[in-house]
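Each number in this note's numbering corresponds to the 1-based position in the sequence shown with 392 added.
We treat Cβ as the ideally placed atom computed from N, Cα and C, and that holds for glycine.
If you're wondering where the values come from, they're calculated on a predicted model, not measured in any experiment.
Beneath this line is the structure, given in structure tokens, with notes to follow.
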Amino acid sequence: IRELLNSYELETEGNQMKHCVGTYVSACVSGECSIWSMQIELKDGFKKAITIEVSKETNEICEVRGKANRSPNSRERRVLRRWAETAGLKVASYV
393 IRELLNSYEL ETEGNQMKHC VGTYVSACVS GECSIWSMQI ELKDGFKKAI TIEVSKETNE
453 ICEVRGKANR SPNSRERRVL RRWAETAGLK VASYV
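So this is what it looks like as structure tokens:
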């Protein structure tokens with residue numbers, strides 16, 4: 393899981409995952425949120441799994457989406473919760 397740090401990375405994530413995270417540039421620049429990408433390691437590289445939004449105000453994971461806005465599967469949720477615990481983040485009850 394790594395943070396997307398610039399407009400190019402956000403737009404690329406949005407295009408590849410077929411969701412709107414590319415429009416979050418101003419929210420990230422203003423410090424409102426940070427966006428993270430969970431990738432799965434495969435034999436021949438990495439595959440994007442889910443995109444994660446963290447609210448800076450609440451220190452909480454407030455949105456998680458897979459390709460075409462699908463909800464995360466159970467394995468992705470387990471990894472997400474482990475990462476949140478390690479990173480000292482809360483996970484919103486609706487995520």
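- [ ] Decide yes or no for the touch test of the region 456 to 467 against the region 396 to 410: beta carbon pairs closer than 8 Å, at least 3 of them.
- [x] yes
Task: Endpoints, the beta strand (DSSP E) within which Ser429 is located - done: Position 37 of the sequence shown holds residue 429. Looking at the DSSP string, the run of the beta strand (DSSP E) that includes Ser429 is 425 to 434.
Task: Beta-carbon proximity check, Leu396 vs Ser429, cutoff 8 Å - done: Sequence index remark: in the sequence shown, residue 396 carries index 4 (1-based). Sequence index remark: in the sequence shown, residue 429 carries index 37 (1-based). Contact flag set, yes.
- [ ] Would you grab the beta carbon distance between Glu455 and Glu445 for me? Rounded to a whole angstrom, and I think it's under 8 Å.
- [x] Numbered from 1 along the sequence shown, position 63 holds the residue referred to as residue 455. Numbered from 1 along the sequence shown, position 53 holds the residue referred to as residue 445. Taking a contact as a CB-CB distance under 8 Å, the pair Glu455 and Glu445 counts as one, their CB atoms being some 4 Å apart.
Task: Minimum C-alpha distance to Arg469 - residue among Ala441, Ala479, Gly480 - done: Within the sequence shown, residue 469 is the residue found at index 77, counting from 1. Taking only the C-alpha atoms, the option nearest Arg469 is Ala441.
Task: Identified DSSP bridge partners for Lys448 - done: Counting from 1 along the sequence shown, the entry for residue 448 is found at position 56. Lys448 pairs with nothing; no bridge assigned.
TODO: For Val413, name the three-state secondary structure that DSSP assigns.
DONE: Taking the first residue of the sequence shown as position 1, residue 413 is located at position 21. Helix at Val413.
- [ ] Give a yes or no on whether the C-beta atoms belonging to Val471 and Glu452 are separated by under 8 Å.
- [x] If you number the sequence shown from 1, residue 471 lands on position 79. If you number the sequence shown from 1, residue 452 lands on position 60. Cβ atoms of Val471 and Glu452: not closer than 8 Å.
- [ ] Assign Gly406 to buried or exposed, taking buried as 16 or more other Cβ atoms, counted over all protein chains shown, within 10 Å of its Cβ.
- [x] Numbered from 1 along the sequence shown, position 14 holds the residue referred to as residue 406. Looking at its Cβ environment, which holds 16 or more other Cβ atoms inside 10 Å, Gly406 is buried.
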